[in-house]
Every structure is written in structure tokens, then in C-alpha cells.
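S.K.:
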Amino acid sequence: MRQRLGVALTLLGQPRLLILDEPTNGLDPAGIQDMRELIRNLPRETGASVFLSSHLLAEVEQVAEDLEVVLGRLRYQGRTEDLGRQLKPSWCCGWETPPRPWRPWQAVDSRCGKPMDGCGSRLSRKPRPGS
Numbered sequence: 005m006r007q008r009l010g011v012a013l014t015l016l017g018q019p020r021l022l023i024l025d026e027p028t029n030g031l032d033p034a035g036i037q038d039m040r041e042l043i044r045n046l047p048r049e050t051g052a053s054v055f056l057s058s059h060l061l062a063e064v065e066q067v068a069e070d071l072e073v074v075l076g077r078l079r080y081q082g083r084t085e086d087l088g089r090q091l092k093p094s095w096c097c098g099w100e101t102p103p104r105p106w107r108p109w110q111a112v113d114s115r116c117g118k119p120m121d122g123c124g125s126r127l128s129r130k131p132r133p134g135s
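Numbering-wise (the working numbering), the sequence shown opens with residue 5 and increments by one.
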């Protein structure tokens with residue numbers, strides 16, 4: 005409810021740029037669908053540009069035409085539908101994160117298998133099952 009109310013209040017000012025950080029976080033399934041529809045329709049209906057920050061790539065793919073993937077540095081920039089063609093289908097990546105607080109101010113080194121500066125997380129790359 006708070007996310008939708010926050011977006012509604014912001015839209016009253018008729019912004020040309022709307023920045024949304026994890027806009028569906030904490031919403032129920034119906035609220036998630038409503039928020040996705042709102043985000044999809046905003047540019048067409050209001051002329052506003054929408055900048056969406058999310059850790060959920062599947063979420064972004066449902067509402068964005070263009071996207072950028074950032075992990076320490078820019079990893080992909082282009083059309084949403086082209087992202088799958090850019091990835092190697094025989095590999096998958098995953099996070100291994102110990103149960104301790106994330107420290108976003110620490111540098112992130114995304115080379116596969118190398119621990120990330122002091123936070124204890126590790127990005128790993130392994131063969132996708134069945135490939």
C-alpha cells in the first residue's frame with residue numbers, strides 16, 4: 005500500500021522522470037500486478053521516463069523495453085528481449101552469501117569465484133544442468 009501511495013503522490017507533481025527502487029517489494033500478488041501495469045503504462049500515458057532499480061530480472065523483463073545490468077560495472081545495455089541472446093546458455097551464475105549484513109559501500113569484484121571485498125559473498129559460474 006505504501007509503495008502505491010508513494011507513486012501516486014509523486015505522480016501528482018507530473019514528473020518527467022520517475023525513479024523507482026524495488027517498487028513491488030512487500031506487495032501482495034494483486035498489488036504486484038497493479039504496480040507492473042502502472043510502470044508499463046506510465047511512459048505512454050504521462051510522457052515520463054521511468055528508472056527502475058530491482059534485483060529481480062524477471063520483474064524488470066515484464067515492464068521494461070530497455071535495460072542495463074550492473075554488477076560493479078555495466079555488464080549489459082540494450083533491449084530487454086535481446087538479453088537472453090547475449091548470455092551463454094550453457095552457464096548459469098549464482099550468489100553464495102553468508103548470513104551477515106551486506107555492506108554496499110564495499111567494492112564489488114565480479115570475477116567468477118573471487119570473494120568480493122570483505123563482504124564474504126562469492127559469485128560463481130558453473131555448468132548449467134543438462135548442458
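Beta carbons are placed, not taken as given, at the ideal position from N, Cα and C, and that holds for glycine.
Quick check on DSSP: helix, strand or coil for Gln81?
M.R.: Within the sequence shown, residue 81 is the residue found at index 77, counting from 1. If DSSP states are grouped into helix, strand and coil, Gln81 belongs with the strands.
S.K.: Determine the direct distance from the alpha carbon of Ser57 to that of Tyr80, and round the result to whole angstroms.
M.R.: Indexing the sequence shown from 1 puts residue 80 at position 76. Indexing the sequence shown from 1 puts residue 57 at position 53. Cα to Cα, Tyr80 sits roughly 15 Å from Ser57.
S.K.: Is the CB-CB distance between Met39 and Gln7 below 8 Å?
M.R.: Here residue 39 refers to the residue found at position 35 of the sequence shown. Here residue 7 refers to the residue found at position 3 of the sequence shown. Yes, these two residues count as a Cβ contact at 8 Å.
S.K.: With Leu15 as the anchor, note down where its beta strand (DSSP E) starts and where it stops.
M.R.: What you label residue 15 is simply residue 11 of the sequence shown in a count that begins at 1. Segment Arg6 to Leu16 is the alpha helix (DSSP H) holding Leu15; no beta strand (DSSP E) there.
S.K.: Using DSSP's beta-bridge definition, name the partner residues of Ser25.
M.R.: If you number the sequence shown from 1, residue 25 lands on position 21. According to the sequence as given, residue 25 is Asp; it is not Ser. The partner list for Asp25 (beta bridge, DSSP) reads Ser57.
S.K.: Report yes if the CB atom of Val54 is closer than 8 Å to the CB atom of Leu24, and no otherwise.
M.R.: Within the sequence shown, numbered from 1, the residue matching residue 54 stands at position 50. Within the sequence shown, numbered from 1, the residue matching residue 24 stands at position 20. Yes. Within cutoff.
S.K.: If the criterion is Cβ atoms closer than 8 Å, does the pair Arg89 and Val67 meet it?
M.R.: For this step, residue 89 is matched to residue 85 along the sequence shown. For this step, residue 67 is matched to residue 63 along the sequence shown. No, the Cβ-Cβ distance between Arg89 and Val67 is not below 8 Å.
S.K.: By Cβ distance, which residues of its chain are closer than 7 Å to Leu31, with the 5 residues on each side in sequence left out?
M.R.: Translated into positions along the sequence shown, residue 31 becomes position 27. Excluding positions up to five away in sequence, the list reads Gln7 and Met39.
S.K.: Which residues mark the beginning and the end of the alpha helix (DSSP H) in which Asp32 is found?
M.R.: Along the sequence shown, read from residue 1 onward, the residue named residue 32 stands at position 28. Taken as a continuous stretch (DSSP letters only), Asp32 belongs to no alpha helix (DSSP H), as it is neither H nor E.
S.K.: Between Leu78 and Glu85, which are expected to be in contact by the criterion C-beta below 8 Å, what is the C-beta distance as a whole number of angstroms?
M.R.: Along the sequence shown, one-based indexing puts residue 78 at 74. Along the sequence shown, one-based indexing puts residue 85 at 81. With a Cβ gap of about 19 Å, Leu78 and Glu85 do not count as contacting.
S.K.: Within the continuous beta strand (DSSP E) that includes Leu75, where are the two ends?
M.R.: Position 71 of the sequence shown, counted from the start, is the residue given in the question as residue 75. First-last for Leu75: undefined, no H or E at that position.
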